[in-house]
Every structure is written in structure tokens, then in C-alpha cells.
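So for the sequence shown, my numbering puts the first residue at 222; every next one is plus one.
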Amino acid sequence: MENPETATVDATLARLHSNASEYAVAVNAAVAVQLDGKHPFPLAGGALYRLGADTVAFHEAVLALCATGWVSCSAPLLRTLLDLLLSAAIIVERANEAEMWGFRCTHYFLKAMLSEGDSEAQQRHRRQIEAGIARLADADQERARCFIFKDRLPAYWYAPDYYRRPQEAADTLLTAELSWYYTKLSSAAHGGFFGLSIFRDQPDTVHPNQRSDPRSQALALSTSIRIILEQTRARDQFELGGQFSSTYDHLIGRLLETSRERHAL
């Protein structure tokens, strides 16, 4: 087994990784202070908060894998990060649908659990669903009831009436680069050899041990940073009117410059 100390993370990317997390935390704090008790989109805001919290956690997990020699295992985490970004992008796509989308995003799992567990658990799930429906506008409540109690359980919370499948949404809402990564990382998430090889400097060298892969580390960290920046930007623009736009511009500029310098070597 390789010595994990050989998996040294690039200092510039490590700082940028930390700054990206700080940006997400700052936007979340601003939303909490400025919109406390008066959020114009409470269900959408709740969904964005949960998606943002999970994004920061997975973002930190990618760094942990890179720092300990397991960057080759980061592809499924990055795919999950892209799914979190995709959900956020769908929620903020159209303000007039944001509450319904926020409801579906946060209550989809309860729909799946309505027929599971004992009667007490089912009643508890139904009460949670009813409480969520009650927060929707009157015009949306019947749509929500149909989704929960009548429609078949879809594979994704936004299917089939918003987007039929994730790749369709990714092609529409994400940058071309991130949409391409979604395709490739989908292979990794399902154990595909090509997808898993993306984050191995020597993909033909097959072993189960830690690796010192600086190129793959840089790619994984840069991808994670880009995802959290884009998701936080979407939340800032939707909930705060772009108050942190200059922070995004500064961080994305640093990320692009770092990428150019790396490719010039």
C-alpha cells in the first residue's frame, strides 16, 4: 500500500476549495438573517438549504479522498454533487414554479415511503406530506396531491413532467463542461470502467491501494469547486438577488486561472 503522505494536495487548489466552502456558508448565513420568517419561497428555500448543506459535505469529502490517496474513488461523489446541483438548478429555473418544485424535491422520498413501514409510520409520513401541501398556494395544492397520491412513483422527483431524465436536464441547465462530466460520471456511479478511470493518472495500472495522482487530484478538486460555486451562485441569485456576485466572479476567475496554469505546464 502506498504511503498516504505522498498524496499531497496542491496548496492553491486547497485554498480555493476552502474559499468555495466559505462562500457557500456565507450565502447560507445571509439567507438565514435576511429572510428569517419572511422567505418569499419557503418550500424552495428549504429545499435549497438542504441541497446546499449536502453539497458542502460532499465537497469536503472529495478533499478528504484527495488528501489520503483515494482520489480514484471520488467519481461517485462528484456525480452526487452534480445531482445536487441539478436539483437546485431545476428549482430556481422558473420562479412561478419554484414552490411546487421545492415541495416535490423535499417530499418525493415521503411519497416513496407511504406504503412502507407500519400504520403509525405511514400516518406520520402522511401528516408530513399534508403539512407541506398546506404551505403551497391554493392553485398548486391539487397538483401536489395528484403527484403524491395518484401519480406513479417516478425515477426522479422532477420526472416526467419537468424533465424526463437527468441528462436532459443537465444538457439544458448546466454548462457544456458540467453536462459532459455528468455523462461520464454516470458511468462511474454504476461501476463503469471508463468512468472510474477518469480520476486515475495511470488507469491501466489496476490495484486496490492508495495512489499519488496529482493530475487526478487537481481534476477532482477543480470539478468539486466548480460545482459548489455554481450551486451557491444559483442560490444567491434566487434568494438574495445576487448580493454575492462579486465573490463568485472572483472565485471562478481564480479557478479558471489555476486551470490555465496547470494546462500550461
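Where a beta carbon is used, it is the ideal one built from N, C-alpha and C, also for glycine.
Note that this is a predicted model, so its numbers are computed, not measured.
Which residue wins for smallest C-alpha separation from residue i, given the options the options?
i, options, result
"HIS280", "GLU478, LEU299, LYS259", "LEU299"
"THR453", "THR289, ALA282, LEU302, GLY338", "LEU302"
"GLN362", "LYS405, ASP382, TRP322", "TRP322"
"ALA235", "ALA409, CYS326, PRO435", "PRO435"
"TYR377", "HIS328, ASP257, ALA253", "HIS328"
"THR289", "ALA485, ARG475, ILE446, GLN438", "GLN438"
"LEU440", "VAL427, HIS428, LEU406, HIS471", "LEU406"
"VAL262", "ALA278, ALA250, ASN317, SER467", "The displayed chain sequence assigns Phe, not Val, to residue 262. The shortest C-alpha separation from PHE262 is found at ASN317."
"ASP257", "GLU482, ARG483, SER467, LEU461", "LEU461"
"ASP275", "SER467, ILE448, PRO375", "ILE448"
"ALA409", "ALA250, PRO297, VAL427, VAL246", "PRO297"
"ARG373", "GLN344, ALA397, SER336, GLN343", "SER336"
"CYS326", "GLY412, THR426, TYR383, SER467", "TYR383"
I'd like to know whether the C-beta of residue i is nearer than 7 Å to at least one C-beta of chain C.
i, result
"LEU303", "Protein chain content of the structure displayed is limited to a single chain, and chain C is not contained in it."
On the premise that residue j lies in contact with residue i, defined as a C-beta separation below 8 Å, what is that separation, rounded to the nearest angstrom?
i, j, result
"ALA455", "ALA309", "5 Å"
"THR444", "TYR402", "6 Å"
"ALA511", "ILE446", "Lying before the first or after the last residue shown, residue 511 is absent from the chain, which here runs from 222 to 486."
"LEU331", "LEU305", "So it is not a contact: roughly 19 Å between Cβ atoms."
"PHE465", "VAL248", "6 Å"
"LEU307", "LEU395", "7 Å"
"HIS381", "PRO375", "Checking the sequence, you will find Pro at residue 381 rather than His. Confirmed, Cβ separation roughly 6 Å."
Please work out which residues of its chain come closer than 8 Å, Cβ to Cβ, to residue i, disregarding the five sequence neighbours upstream and downstream, and give them in chain order.
i, result
"ASP392", "SER400"
"THR479", "THR233, LEU234, LEU237, SER443"
"TYR469", "TYR244, LEU450, THR453, ARG454, ASP457"
"LEU477", "none"
"VAL313", "ALA265, LEU269, ALA319, ALA455, ARG456, GLN458, PHE459"
"ASP422", "ARG432, ASP434, PRO435, ARG436, SER437"
"ASP231", "PRO435, GLN438, ALA439, LEU442"
"GLN255", "LEU461"
"LYS371", "none"
In its own chain, which residues sit with a C-beta less than 6 Å from the C-beta of residue i, not counting the 5 before and 5 after it?
i, result
"HIS260", "GLY266"
"PRO424", "SER418"
"GLU341", "none"
"ILE369", "LYS332, ILE350"
"TYR379", "ILE311"
"ALA485", "none"
Please return the same chain residues whose Cβ sits closer than 7 Å to the Cβ of residue i, not counting the five positions on each side in sequence.
i, result
"PHE324", "LEU264, GLY353, LEU357, ALA365"
"TRP463", "For the sequence presented, residue 463 should be read as Gly rather than Trp. For GLY463, where only same-chain residues beyond five positions count, the Cβ hits under 7 Å are ASP457."
"ASP359", "none"
"MET334", "HIS346"
"ARG475", "LEU237"
"ARG483", "ALA439"
"GLU223", "Low per-residue confidence applies at GLU223: pLDDT is 46, beneath 50, and the placement is therefore not dependable, though the value from the model is reported in the following sentence. Excluding residues within five positions, the ones whose Cβ falls inside 7 Å are GLY290, ASN430, GLN431, ARG432, SER433."
ask   = Okay, do the segment 288-295 and the segment 346-356 touch, 3+ Cβ pairs below 8 Å being the bar?
value = no
query = Are the segment 236-254 and the segment 271-285 touching by the rule of at least three beta carbon pairs closer than 8 Å?
reply = yes
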